[in-house]
Structure formats: structure tokens, C-alpha cells
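Top line first, the protein sequences correspond to chains A and B.
All residue numbers for the first sequence refer to the working numbering, where the first residue is 99 and numbers rise by one.
All residue numbers for the second sequence refer to the working numbering, where the first residue is 5 and numbers rise by one.
Structure, as C-alpha cells:
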Amino acid sequence: MNDLATQVFVALEEIKKISKEQELSIKDLEVLFLASLLEEEV
Amino acid sequence: MNAVKNPAPQHTFALIQLTRIGDVLQTLQAASAFKYQYPHVKLILIARRQFSEGLNFLLRQVFDEIHTFNLKDFYGTDNTQDLNTIIKNIDAFVTDVTKNNNIDVLINLSFSKSSSYLAGLIPARHKMGLVRDRTGEFAIKDQWSQYVYSTVMAGPNNPFNLVDIFRKMMGTTQIPLIFGDENKPSKATKKIIIHPFASSKKKRWGITKWSEVIYQLLKTIPQSDVHIMGGPGDQDEAKSLESSPILGQFKNRLHFRVGTYTLEESFYHFSDADLFLGHDSMGGHMAAIHAVPSITLSLGTVRPHETTPYGQNNYNIAPRIKCYPCFPDEKCDLLPCHTNISYQAVVGLAQNILEGETVDHKSLTQKISSFHLDSIHVYQSQIDPVNGLSLYDLTKNPMGINELFKNFYQVLWSFIIAEQEVKLPRPELNKELLSHLVSYQNGLAQLYELNNFGMKYSQYIMDETKANSPRINLIREYSTKLTEIDQLTKVLKNQSPLLAPLIDFYFVAKANLKGNNIVELAESSYVKFFEFNNATQVMAELVQGCLNSSQAKLLKNNTGKTTVVDN
């Protein structure tokens, strides 16, 4: 298994591919929430 | 502080506050006012455990439910590094918040990215503050939230205390309650609590300067004890202070409570205090809840208008220097604002407060020489039951254009968003300030014209959409004109930077237009340009009022340019 930072990075790259008008899934929003928490923790 | 909890709640409000202890205390103050006015509303707090757990003894008096998390919680008991498991744990947290609650109003009171996503994840009928919609973009629907996004988060031009912003977002007109007795009997020995620490180097003085302040206080006020407070992370600096040679003679009157008190013990330590002295940190807010007067030394990134402890007659000393306040990401090695405030000014003000006499311009100039007063603002807080907290500079040093515009914005936003009238003392204007005002008068005239064009083209779109056969090419052409108007407004903002709060507020409002089709959107656009113009007119009247009241003459030359001439 990749480390968490790599998994989050891969998930964020997938979210970036979604068009701006399209709704994100709850899981996508949860990934964005986690990514921002990790970013603020640094 | 004891807000009444009603056993039969009719509605549920949830507040998100993910930032530091001081912010949680300010949220608590606003929430206590809300709960006092609306005891039947169930109030929920969602916070970071590291910043809220120590305050549970206070939070439980106001909030019906408190949900907290730390990032580590999401890793689970086995400290998982698996993304899917962490996501499930986040999901479980959100479910836990909502399982017994149909949240009517969710208000995000923290201005961070993570809080905006959390606000997007928690289901609620209405959402306010920084909130993400399902596309992951900001959805900022109400005026106070638009104000927070365009002014509070964008720069130092916010004239309102955060407690007032929080309570206005919640919709309460009640002023925060205090915990202690406002009219405590005077004691022979004064108890001074000092918290000489802060979360960043930019925001705090070094230990040497604090040693001077403590030495002078103990020397000049013989009937006083000084209590140094701080958390476990402040212990090394506290040791340096304790071993300061100049403080050796006062060991019996100097008490160190650094890293040894819980937050609850620290809080109750304020109950019999006579004065609090420190930088912008939780100590000042604890003092305010006890109605203990405070002196805050604002340095670096700290904005006195936002963070002055909420109460009557609290004092905030801030540097008078162009680079102040700065932004957290701006590098600064020399910290010039730290030298603007002298220990003589701090000690003079402390003496004035502890003597129990009125603190005003006259008393200040008797205690502190003009040499020390020239480089600072000494703000005094006053609470008005309608408008909340305002700051008044006791030094009467000449006002800068930034401060003057901050006053204008206080009047403008109170009028536009809260429908309240604020009356501020007429400023003393010098020639430099008048020249700035003339330039801004021109900027406001241009802004007014641009908004008129915005209304005109929004009207054209509305007319065309209502025609029997709307011409798409014309609608496109008018939409392009609206884009050009926005671009010209951005150019104007660069030329007149103090109009940025006004311009950005309506940019945010226009980015969140109501409507599901082109007709509704064109109508909303027209209304926003109309409101923008009204606000521009109010601002123009404030500028004109100042120019009219000044003693200087304004001369218009052949090219129409206005210049300021001494009378």
C-alpha cells in the first residue's frame, strides 16, 4: 500500500479531472476535507 | 455567561469553529448572547478537540451538544494509513453529528479551507459562512458571509470585532454576557495577570522587553502582585523571564503559573484580577468574560478591531507604522512594529487603569510623554447595545487614510447589512488626508458610472429575454459588456485600493446570484448593480461630508482637477 500522502495525491488528481459544473461525490468532498486538514496541520 | 437551556428546542443551530482557543472563546461569547435571546434553540458546537476540550466547563453552559475531532481520530485505533478507512471514519463523524439532529442552520465561523469542506459535508437546511457546494466551489449566499469572505479574509480593512460578526451571522441583537461581577470591590493589593506569550514570533515581544514592563510595574505600583500565565509550550521562555536579574528583587511579588494550570484553573484565576496584560491570545478573552480590564499589545499580523477582548473599557496598544498589520505569510526579520510600542507607554496606561480614574486623552498625556504616544494608537473599547464594540483612539494622533476608511466602512456596512446607524466623531483632517479624499471622490464617481452601465446592460438582457423571439447574439453582446464592466471595475480597484472592500463585496455577491435561468439571473444582476450603486453613493456622501466639514478650500482648475488649498 502507498503511504497516505500518495493516496491523497492520487485521489485529488482524480477529482481535478471532474468538470467544474459536475457535482462531486460525498467521498470526493471527504477527500478534499482530509487533504485540507493535512495541509493546515503542516 | 449562564445561558438558559430550554428542555424543548424548536430549532437546531450548529456552529463550526475549527481554529484556536481564542477563536473558540470568541465563538462562546457570541453563542452565549444568542442562547440568552433564543433559549429554545438547540445549539451545537463542532470544534477541534485540541482547541476546545479544555474549555468544556464553559462550553457546556451554552451549547447543548459539542462534537469534537482531532485529525488523529480519523486514523482510527490501529493508526491506519489506508485512505478508504480514514474516509469511513470522517463519514462516521459527520453521521454522529447529524444522527439525532435535523440541523436548521449551520454556520461556519472559522475562515479555513478545511472548515469550508466540513460545512459542505454536514447536511443542513440553511448554511452560512464559508461553505463549499457539491461542486466543491464556495457558495456564499448571505450578506454577512459575503462580507467575511470579501473583507475579513482579504485584508486589514474590517472595522468590526469578530464577536460582533459572529453574533450578527447568528442573528442575535443581544450583547455577550459576562461571567463575573462588573462592580468588584477595590482591593488594597492589585492582582495583575500577564501572559507575555503568543502563537508566533511576529505577534509577541521578546522576554527582555517584558522584563522591563514587569520591573516597572512592580516598582511603581508597590501594592501589586504580578502573575505570569502560560501553557506548557511557554515554559522555556518563562524560565528565562524568571531568571532575569532585574526581577530578582521582586521574587515575593512575582508568581509563575506557566504550564501548571489547566484552562479551567487559569480561567478562575481571573475572577479576582484587577488587570490583564498580554498579546493577542486567549488570556484577553478570558479576562473579558470576567469583566477584568485588559491591555492588549497588538503586533505583527494582529488586527485590533477584530480581536480586542469584548468588553467595556478594554485597551489595545497598536503600532503606528505603515507595514502594520502585516499578513502571516509575509517574511519580516527586523520586526519594526515591535519597537513602536515602548514599555513606558504600557506601564503608564496600566498605572492609569489601576488608579481607578477615568482613562482619556488628558489622563494619558499626563502619564505618558508625547514621544512615546506619537508612535502608537491607544484604542479604548466602548460597547453600544445596538452596534456592539467600537474602538476609539485616545492618543488623538492624526488619522491616516486607512483608519478614516475603516470608519467609513463601519458606517457603511452597519447601514447596508445590519440596517443600523453608527455615529462616529468627526475626524480631524490634514492636507494630506484631504488630498487622498479628493482622489477617492473621483474614484467613487467612476464606480458610480460603471454601476449605472451594469444596471443598463442587465436591463437590456431582461428586456431581450422577455421579447417574443429573444436574439441570442444580442444577449451575448450585453453579457460581454457586463464582463467588460467588471474588468474596468478591477482596474479602478487597483487605482483606489481602499475601495477594494466595497468592490469585492459586490463581486462576491454577483458571483452568488440567485436564479436558475437567464431571466432570473439578469434580474438578480440588475438588483446587485442597483445595491452596489446605493452603497457607492453612501460612501461618496461620507467622503463629501468630510470634505465639506474641513477648513481647507478645494479648487477646481481648467481641466476639472480638484486640488486642496489651505484656508
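All C-beta atoms, glycine included, are put in the ideal place defined by N, C-alpha and C.
Just to confirm the assignment: which complete beta strand (DSSP E) runs, minimum length 3, are found wholly within the stretch 164-237 of chain B?
DSSP runs (the beta strand (DSSP E)) wholly in the stretch 164-237 of chain B: 194-199 and 228-234.
Rounded C-beta distance between L19/B and L49/B? I'm assuming under 8 Å.
Indeed, because the Cβ distance is near 5 Å, the residues count as touching under 8 Å.
Select from Q253/B, G263/B, S203/B and S118/B the residue whose C-alpha is nearest the C-alpha of Q220/B.
Of the candidates Q253/B, G263/B, S203/B and S118/B, the one whose C-alpha sits nearest the C-alpha of Q220/B is Q253/B.
Determine the direct distance from the alpha carbon of K172/B to that of K470/B, and round the result to whole angstroms.
If you take the alpha carbons of K470/B and K172/B, they lie about 39 Å apart.
So, F73/B versus F97/B, is the Cβ gap smaller than 8 Å?
In this structure, F73/B places its C-beta atom within 8 Å of the C-beta atom of F97/B.
Going by DSSP in three states, M132/B sits in which element: helix, strand or coil?
It is a strand residue.
Could you tell me which of I380/B, Y413/B, A292/B and K255/B sits nearest to T540/B, measuring between CA atoms?
That would be Y413/B, whose Cα lies nearest to the Cα of T540/B.
Apply the 10 Å Cβ neighbour rule to A291/B and answer buried if 16 or more other Cβ atoms are within range, or exposed otherwise.
With 16 or more Cβ atoms within 10 Å of its Cβ, A291/B is classed as buried.
Determine the chain B residues that contact E112/A at a beta-carbon separation under 9 Å, and present them in chain order.
Within 9 Å Cβ-Cβ: nothing; E112/A doesn't reach chain B, min ~11 Å.
Pick from P501/B, S379/B, K400/B and I507/B that is closest to W417/B, judged by C-alpha positions
Of the candidates P501/B, S379/B, K400/B and I507/B, the one whose C-alpha sits nearest the C-alpha of W417/B is I507/B.
Name the DSSP beta bridge partners of Y609/B, please?
Absent from the structure is residue 609/B, since the part of chain B shown begins at 5 and ends at 571.
Chain-ordered neighbours of K118/A on chain B, where CB pairs are closer than 9 Å
Taking a Cβ-Cβ cut-off of 9 Å, the neighbours of K118/A in chain B comprise T139, G140 and E141, given in sequence order.
Measure from the C-beta of R136/B to each C-beta in chain A and report whether the shortest distance is under 8 Å.
Yes, contact with chain A.
Going along the stretch 74-96 of chain B in order, which residues come within less than 8 Å of chain A, judged by CB to CB distance?
Within the stretch 74-96 of chain B, the qualifying residues are L75, F78, Q85, D86, L87, I90, I91, I94 and D95.
Is the separation between the beta-carbon of F101/B and that of H130/B shorter than 8 Å?
The sequence shown places Val at residue 101/B, not Phe. Here V101/B is not near H130/B, since their CB atoms are 8 Å or more apart.
Between the stretch 488-508 of chain B and the stretch 519-526 of chain B, are three or more C-beta pairs nearer than 8 Å?
Segments in contact, no.
Residues of chain A with CB under 7 Å from S118/B, in chain order?
Chain A residues near S118/B: F131, S134, L135 and E138.
Status (buried if at least 16 other CB within 10 Å, exposed otherwise) for H342/B:
So H342/B ends up on the buried side.
Does any C-beta atom of chain B lie closer than 8 Å to the C-beta of K125/A?
K125/A belongs to the set of residues whose beta carbon lies under 8 Å from a beta carbon in chain B.
As a quick exercise: from S190/B, I197/B, Q85/B and P236/B, pick the residue whose alpha carbon is nearest that of S203/B.
Nearest of S190/B, I197/B, Q85/B and P236/B to S203/B, Cα basis: P236/B.
If you compare alpha carbons, which of N516/B, E425/B and N456/B is closest to Y153/B?
Ranking the options by Cα distance to Y153/B, first place goes to N516/B.
In angstroms, rounded to a whole number, what distance separates the CA positions of F260/B and W209/B?
For F260/B and W209/B, the distance between alpha carbons rounds to 18 Å.
For H381/B and N317/B, I'd like the C-alpha separation in whole angstroms.
Approximately 15 Å between the Cα atoms of the pair.
Considering only residues of the same chain and omitting the five flanking positions on each side of E246/B, which have a CB-CB separation below 7 Å?
For E246/B, where only same-chain residues beyond five positions count, the Cβ hits under 7 Å are F260.
By the 8 Å beta-carbon criterion, what residues does the stretch 495-519 of chain B contribute toward chain A?
Under the 8 Å Cβ criterion, the stretch 495-519 of chain B contributes no residue.
Run through DSSP, which three-state label would N571/B get?
Note that N571/B has pLDDT 48, beneath the 50 cutoff, so the model's placement of it is unreliable and no number is given.
Taking only the alpha-carbon atoms, compute the straight-line gap between S228/B and I405/B and give it to the nearest angstrom.
A direct Cα-to-Cα measurement between S228/B and I405/B gives close to 41 Å.
Compare the C-beta of Y121/B with all C-beta atoms of chain A and state if any pair is closer than 8 Å.
Yes - at least one Cβ of chain A is within 8 Å of the one on Y121/B.
Quick one: using the 10 Å Cβ neighbour count with 16 as the cut-off for buried, is G519/B buried or exposed?
Around the beta carbon of G519/B, a 10 Å sphere encloses fewer than 16 other beta carbons of the protein chains shown; the residue is thus reported as exposed.
Within the continuous alpha helix (DSSP H) that includes L377/B, where are the two ends?
Following the DSSP letters along the chain, one finds L377/B inside the alpha helix (DSSP H) bounded by residues S374 to L377.
Would you please state the rounded distance, in angstroms, between the beta carbons of P308/B and S298/B? I believe it to be under 8 Å.
With a contact defined as Cβ atoms closer than 8 Å, P308/B and S298/B miss out at about 12 Å.
Boundaries (first-last residue) of the alpha helix (DSSP H) holding T89/B:
Taken as a continuous stretch (DSSP letters only), the alpha helix (DSSP H) holding T89/B covers L87 to T102.
If you scan the stretch 106-163 of chain B from start to end, which runs of the beta strand (DSSP E) of 3 or more residues do you find wholly inside it?
109-112 and 130-133, all fully within the stretch 106-163 of chain B.
Should M157/B be labelled buried (16 or more other beta-carbon atoms within 10 Å of its own) or exposed?
Exposed, because fewer than 16 other Cβ atoms sit within 10 Å of the Cβ of M157/B.
Per DSSP, S500/B forms a beta bridge with which residues?
As DSSP reads the structure, S500/B sits in no beta bridge.
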